Amino acid sequence: QKEVEQNSGPLSVPEGAIASLNCTYSDRGSQSFFWYRQYSGKSPELIMSIYSNGDKEDGRFTAQLNKASQYVSLLIRDSQPSDSATYLCAVPNAGNNRKLIWGLGTSLAVNP
Amino acid sequence: EAGVVQSPRYKIIEKKQPVAFWCNPISGHNTLYWYLQNLGQGPELLIRYENEEAVDDSQLPKDRFSAERLKGVDSTLKIQPAELGDSAVYLCASSPGLGGEQYFGPGTRLTVT
């Protein structure tokens with residue numbers, strides 16, 4: 100059973116702090132990794148994708164990938180109350196990259 | 018570029034009634050997905066289309082759910098008859114099919130009473 104695991108949270112951080120969200124996956128053959136943000140009552144929104152080991156930065160967001168340890172993380176710098184949402188990690192099935200395996204999501208609360 | 022369009026946004030029906038959801042994917046996206054999402058859970062795949070062909074429907078409860086994607090563009094998901102346990106958000110997503118990224122529509126919140 101291929102799995103993607105995330106801490107459900109809630110993760111609570113003060114405004115301006117760094118929020119760190121982690122995801123582990125079981126399929127060693129996975130080649131691409133996605134982070135989605137989902138506000139309450141809304142649909143998932145793709146915010147980051149990463150394909151190779153190391154860091155990828157996009158504004159206040161940094162995705163970190165370590166294929167040897169099979170984890171991918173999302174760092175949010177200078178966290179804002181508007182970042183409060185559930186963050187879903189998704190990893191394509193290695194045998195078929197058009198089928199995503201989803202984590203259950205981590206709930207993030209940024210407190211003013 | 019227009020995003021994925023879904024309708025209706027909300028639907029309330031009585032159990033045993035039929036219901037249908039419609040999805041228009043992003044232009045040029047050949048891969049279309051229907052998901053079900055319950056509160057506090059990740060999306061659960063119901064069916065995936067490559068153009069007009071359903072290539073992964075193993076999670077679709079075929080006794081009551083059906084889907085079609087005529088002409089490889091718009092898609093309709095139907096439930097007949099609906100049960101109380103079908104209350105959930107039904108999400109449609111599309112993908113250009115290259116790197117695996119998927120883009121979601123706003124979803125349809127179904128309540129079965």
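Protein sequence lines, in the order shown, are assigned to chains A and B.
Positions 100 to 211 (this note's numbering) are the ones given, in order, by the first sequence.
Positions 18 to 130 (this note's numbering) are the ones given, in order, by the second sequence.
Think of the CB as a built atom: it goes at the ideal place given N, C-alpha and C, for glycine as much as any other residue.
Please read all numbers here as calculations on a predicted model, not as lab measurements.
Mind reading off the beta-carbon distance from alanine 118 of chain A to isoleucine 200 of chain A? Whole number of angstroms is fine, and I expect it under 8 Å.
With a Cβ gap of about 23 Å, alanine 118 of chain A and isoleucine 200 of chain A do not count as contacting.
Worksheet item: Expressed to the nearest angstrom, what Euclidean distance is found between the alpha-carbon atoms of lysine 88 of chain B and glycine 128 of chain A?
Response: Each residue's Cα considered, the two are about 34 Å apart.
> Of the residues A:Ala189, A:Glu144 and A:Val112, which one's Cα is nearest the Cα of glutamine 105 of chain A?
Replying inline: Of the candidates A:Ala189, A:Glu144 and A:Val112, A:Ala189 places its Cα closest to the Cα of glutamine 105 of chain A.
- prompt: Between glycine 59 of chain B and leucine 203 of chain A, is the Cβ-Cβ spacing less than 9 Å?
  reply: Contact flag set, yes.
Can you give the Cα-Cα distance for alanine 99 of chain B and serine 139 of chain A, rounded to whole angstroms? Going from the Cα of alanine 99 of chain B to the Cα of serine 139 of chain A covers about 25 Å.
Open item on the list: DSSP has glutamine 137 of chain A in a bridge; who is on the other side?
Closed with: Its beta-bridge partners are A:Thr185.
If contacts are defined as beta-carbon pairs under 8 Å, then proline 109 of chain A and serine 206 of chain A qualify, I think. What distance do you get, rounded to the angstrom? So it is a contact: roughly 4 Å between Cβ atoms.
Sequence-distant residues of its chain with Cβ nearer than 6 Å to glutamate 182 of chain A (five each side left out)
The question names glutamate, but residue 182 of chain A is aspartate in the sequence shown. For aspartate 182 of chain A, where only same-chain residues beyond five positions count, the Cβ hits under 6 Å are Ile175 and Val209.
Beta-carbon spacing of glycine 26 of chain B, arginine 126 of chain B below 9 Å: Residue 26 of chain B is actually arginine in this sequence, not glycine. The beta carbons of arginine 26 of chain B and arginine 126 of chain B sit closer together than 9 Å.
**Prompt:** If the cut is a Cβ gap below 9 Å, which residues of chain A does threonine 125 of chain B touch?
**Reply:** Within chain A, no C-beta atom comes nearer than 9 Å to that of threonine 125 of chain B; the closest sits roughly 10 Å away.
ask   = Quick one: what's asparagine 55 of chain B bridged to in DSSP?
value = Under DSSP, asparagine 55 of chain B shares a beta bridge with no residue.
Check your understanding: Could one say the Cβ of arginine 86 of chain B lies closer than 9 Å to chain A's Cβ atoms, at least one of them?
Key -> Among the CB atoms of chain A, none fall inside 9 Å of the CB of arginine 86 of chain B.
Let me check one thing: in DSSP terms, what residues is proline 143 of chain A bridge-paired to?
In the DSSP assignment, proline 143 of chain A forms no beta bridge with any residue.
Checking contacts by CB at 9 Å: is glutamate 144 of chain A closer than that to chain B?
Cβ-Cβ to chain B under 9 Å: yes for glutamate 144 of chain A.
| task | Would you kindly work out how many angstroms separate the C-alpha atoms of isoleucine 29 of chain B and phenylalanine 133 of chain A, rounded to a whole number? | result | Answer to the nearest angstrom: the Cα atoms are 33 Å apart.
If I measure Cβ to Cβ from alanine 71 of chain B and keep anything under 8 Å in the same chain, skipping five residues before and after, which residues do I get?
Residues Ile64, Arg65, Ala84 and Arg86 of the same chain have their beta carbon placed closer than 8 Å to that of alanine 71 of chain B, with the five preceding and five following residues left out of the count.
query = Should proline 143 of chain A be labelled buried (16 or more other beta-carbon atoms within 10 Å of its own) or exposed?
reply = It counts as buried.
Worksheet entry | Near-chain B residues of the stretch 148-182 of chain A (beta-carbon distance less than 9 Å), N- to C-terminal order | Residues passing the 9 Å Cβ filter: Ser148 and Tyr150.
Relative to the alpha-carbon of tyrosine 135 of chain A, which residue among A:Ser178, A:Ser172 and A:Ser111 has its alpha-carbon at the smallest distance?
-> Of the listed residues, the one whose Cα sits closest to tyrosine 135 of chain A is A:Ser172.
Inset, instruction - Could you tell me which of A:Tyr150, A:Ile146, A:Ser151 and A:Asn165 sits nearest to arginine 159 of chain A, measuring between CA atoms? - result: The candidate whose alpha carbon is nearest that of arginine 159 of chain A is A:Ile146.
Cβ neighbours of leucine 148 of chain A in the same chain (closer than 6 Å, five flanking residues each side left out)
The sequence given here has serine at residue 148 of chain A, not leucine. Here the set comprises Phe133.
Could you pull the DSSP bridge partners for aspartate 157 of chain A from this structure? Answer is A:Phe160, bridged to aspartate 157 of chain A.
When you compare the CB of serine 107 of chain A with every CB in chain B, is at least one pair closer than 9 Å?
True, the Cβ-Cβ gap to chain B drops below 9 Å.
Look at the alpha carbon of phenylalanine 121 of chain B and the alpha carbon of alanine 167 of chain A, and state the distance between them as a whole number of angstroms. Between the alpha carbons of phenylalanine 121 of chain B and alanine 167 of chain A lies a distance of about 30 Å.
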